[in-house]
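Notes follow once the structure below has been shown.
Protein chains: 2
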Amino acid sequence: MKKGNLYLIPTTLGDQSDLSRIIPEYNHQIVHTLKHFIVEKTRTARRFLKQTGHPVPIDDMSFLELNKHTQPNEVHKFLEAAEQGNSMGMISEAGTPAVADPGSVIVQLAHQKRIKVIPLVGPNSLILSLMASGMNGQQFTFHGYLPKDTNDLTRKIKTMEADVLRTGTTQIFIETPFRNNKLLDNLIQNCNPKTLLCVAVHVTLPDEQILTQTIAQWKKEKADLNKKPAVFLLGK
Amino acid sequence: MKKGNLYLIPTTLGDQSDLSRIIPEYNHQIVHTLKHFIVEKTRTARRFLKQTGHPVPIDDMSFLELNKHTQPNEVHKFLEAAEQGNSMGMISEAGTPAVADPGSVIVQLAHQKRIKVIPLVGPNSLILSLMASGMNGQQFTFHGYLPKDTNDLTRKIKTMEADVLRTGTTQIFIETPFRNNKLLDNLIQNCNPKTLLCVAVHVTLPDEQILTQTIAQWKKEKADLNKKPAVFLLGK
C-alpha cells in the first residue's frame, strides 16, 4: 500500500486575523485534504484549521500532541495513519514546525519509514528577521534560547560577539519574552559600542518593528521589549 | 516628508508556474503598489513582476541592479526613491533577498537612513530543507558555499562533522550545482557512516526530493545530483 505524506504546515506568528498575509493559498488546498494531524497543542491547531476554512468537522479529525508532555515511547506510533496510506499534517504553536519548535523527532522517524516529507512555505521569524537585519546572510548561526544564569549568559554573549568579529557570521538567538529586557541590558553592557544589534519584534504582525543599530545607539534610545516576542541578531 | 518603505520580496526557487504554491496573496497586493525596484537581474525580476499580474507597464518601472557588477560607490544612491517618499521593492534571483543572496548591504543602508524594512513571507530553501530534514532545528549553522579546493573542502567537512558530534548543531551548506556530485563523494568518503546527511533537491518544485539517511545508506544508493539545485545538511 502506498504510504501517505507528512506535510509540515506553517501557522501564524501570533494573533493574525488575515492568513493571506503570510500563508500561500496552496497550503489551504493541501490542509483541506488532511484529517490526521500531529500538533503542539490541539486547541490552537483546531483554531488555525477552522481559520483556514477546513471543510471537515473538527470532530472527524484526529490530533496527536507532540510537546514536552509526550512520552518518548509513544512517538513511534505517531505516523501510523501515514503508514496506513493517509497523509498527515504537522502544526506547531507558531511559524514553521521543527525549527525552534518541536517536530524534528517525527520528521526523522518519517525518513526512517520512507514516508515522504513535504515542507510548505510560511512565516519563519528567524529568516524574516535575518533578511530584514541587513546583516551577513551568507553565514549565520542560530543558537536557540540563551542560558538563564547571568554569568553563563554574559559568557555566551561574549563568545558570540567574538565570533562576529573573527568570522563575520551573524549570530541569531531568542529569549523568553519576559526576559527580553534583561537580555538587551546584558548585550548593551557587554558588547563593543560599534557592534550591530538587530531586534525584530512581532514579525509579520501589525505592530512589527525591526531595527538594526549599533550597541552605542541602543544604549542611547533604550527600547522596552518586555513580553514582546522578539528575535535578536548580532553582526557587523 | 515621510520616507517610503523597503519591501523584501521573495520570488520562486526555480521554474514555478503557480505562484500560489509559494507566495502569499498579500505579497502581490504590496508588489502592485510599487514602481521602484532593486533587483539582482532586471530580466528575471521583470518576468516575475509580470507573473504576479503587476498592473503598471514594465517601462514605467525603475530597476537598479545589485550584483557582483555593481560598483560599491553606486550603492549609496540606491535608496533615493525611498528617501523621496516612494516605497521600493527588493527582489533576488531565487527565494528570499539578502539570505544566501545579495541585498544585505542595501538593507543595512536602509536602517542607517531610518527607512522601514519590511520582509515578506516566501520560500527560503534553507529553512524548508531544515524543517524537512528531521535534524536539530534548535541550533543550526549555515556556512554558505564550501571551499573549492579539495583539501580545504575535506578539512571543512571534518570540522563541521566534529561540531555535529560535539554540540548537536545542524550544519547547512550549499554548492554550485555542477559540483554537487563531487561534494557528495567527499561527504561519503570523509564522514562517519552513522552521521546523518540530508540532501534537499529542487525544494518547492514539482520534482522536489528531500531525503535524510546515514552516510552508510548514501554510500549504498548513491544519488546523481549533478546540476540540481540542492541544500545539504549534516546532523545527528
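Residue numbers (the working numbering), protein chains in the order written: chain Y, 1 to 236; chain B, 1001 to 1236.
Where a beta carbon is used, it is the ideal one built from N, C-alpha and C, also for glycine.
Could you give the DSSP three-state label for residue i: helix, strand or coil?
{"i": "M90 (chain Y)", "result": "strand"}
{"i": "V105 (chain Y)", "result": "helix"}
{"i": "E1025 (chain B)", "result": "helix"}
{"i": "Q16 (chain Y)", "result": "coil"}
{"i": "I1115 (chain B)", "result": "coil"}
{"i": "E161 (chain Y)", "result": "helix"}
{"i": "Q213 (chain Y)", "result": "strand"}
{"i": "L1146 (chain B)", "result": "coil"}
{"i": "T1011 (chain B)", "result": "coil"}
{"i": "T1154 (chain B)", "result": "helix"}
{"i": "A1230 (chain B)", "result": "strand"}
{"i": "L130 (chain Y)", "result": "helix"}
Let's test the definition: count the other Cβ atoms within 10 Å of the Cβ of residue i and tell me whether it reaches 16, buried, or not, exposed.
{"i": "F1048 (chain B)", "result": "buried"}
{"i": "E1040 (chain B)", "result": "buried"}
{"i": "Y145 (chain Y)", "result": "exposed"}
{"i": "Q189 (chain Y)", "result": "exposed"}
{"i": "F178 (chain Y)", "result": "exposed"}
{"i": "L1165 (chain B)", "result": "exposed"}
{"i": "V1056 (chain B)", "result": "exposed"}
{"i": "G1085 (chain B)", "result": "exposed"}
{"i": "P1229 (chain B)", "result": "buried"}
{"i": "G95 (chain Y)", "result": "buried"}
Any beta carbon from chain Y within less than 8 Å of residue i's own beta carbon?
{"i": "Q1213 (chain B)", "result": "yes"}
{"i": "D1101 (chain B)", "result": "yes"}
{"i": "I1157 (chain B)", "result": "no"}
{"i": "P1119 (chain B)", "result": "yes"}
{"i": "S1087 (chain B)", "result": "no"}
{"i": "L1096 (chain B)", "result": "It should be noted that the sequence gives Thr, not Leu, for residue 1096 (chain B). Output row for T1096 (chain B): interface = yes."}
{"i": "Q1108 (chain B)", "result": "yes"}
{"i": "L1008 (chain B)", "result": "yes"}
{"i": "I1210 (chain B)", "result": "yes"}
Please decide whether residue i counts as near chain B, where near means a Cβ-Cβ distance under 8 Å.
{"i": "M242 (chain Y)", "result": "Nothing in the structure corresponds to residue 242 (chain Y), since chain Y is present only between 1 and 236."}
{"i": "N5 (chain Y)", "result": "no"}
{"i": "F140 (chain Y)", "result": "yes"}
{"i": "R21 (chain Y)", "result": "yes"}
{"i": "L205 (chain Y)", "result": "no"}
{"i": "M131 (chain Y)", "result": "yes"}
{"i": "L234 (chain Y)", "result": "no"}
{"i": "A223 (chain Y)", "result": "no"}
{"i": "H111 (chain Y)", "result": "yes"}
{"i": "L128 (chain Y)", "result": "yes"}
{"i": "P177 (chain Y)", "result": "no"}
{"i": "Q171 (chain Y)", "result": "no"}
{"i": "G122 (chain Y)", "result": "yes"}
How would you list, in chain order, the residues of chain D whose beta-carbon sits under 7 Å from the beta-carbon of residue i?
{"i": "S1104 (chain B)", "result": "As a matter of chain content, chain D is missing from the structure shown, whose protein chains are Y and B."}
Could you tell me which uninterrupted alpha helix (DSSP H) segments, each at least 4 residues in length, are contained entirely in the region 1167-1209 of chain B, listed from first to last along the chain?
Within the region 1167-1209 of chain B, the alpha helix (DSSP H) runs of at least 4 residues that lie entirely inside it are, in chain order, 1180-1190.
Could you name the residues of the region 1019-1045 of chain B whose beta carbon sits closer than 7 Å to any beta carbon of chain Y, in the order they occur along the chain?
Hits within the stretch, in order: S1020, R1021, I1022, I1023, P1024, E1025, Y1026.
So if I threshold CB-CB distances at 9 Å, which residues from the region 1141-1153 of chain B count as touching chain Y?
Under the 9 Å Cβ criterion, the region 1141-1153 of chain B contributes T1141, F1142, H1143, G1144, Y1145.
Entirely within the region 18-84 of chain Y and at least 3 residues each: give me those beta strand (DSSP E) ranges in chain order.
For secondary structure counted as the beta strand (DSSP E) over 3 or more consecutive residues, the region 18-84 of chain Y holds these complete runs in sequence order: 36-39, 62-65.
For the region 45-61 of chain Y, enumerate the residues whose C-beta is nearer than 8 Å to any C-beta of chain B, in chain order.
From the region 45-61 of chain Y, no residue has a Cβ closer than 8 Å to chain B.
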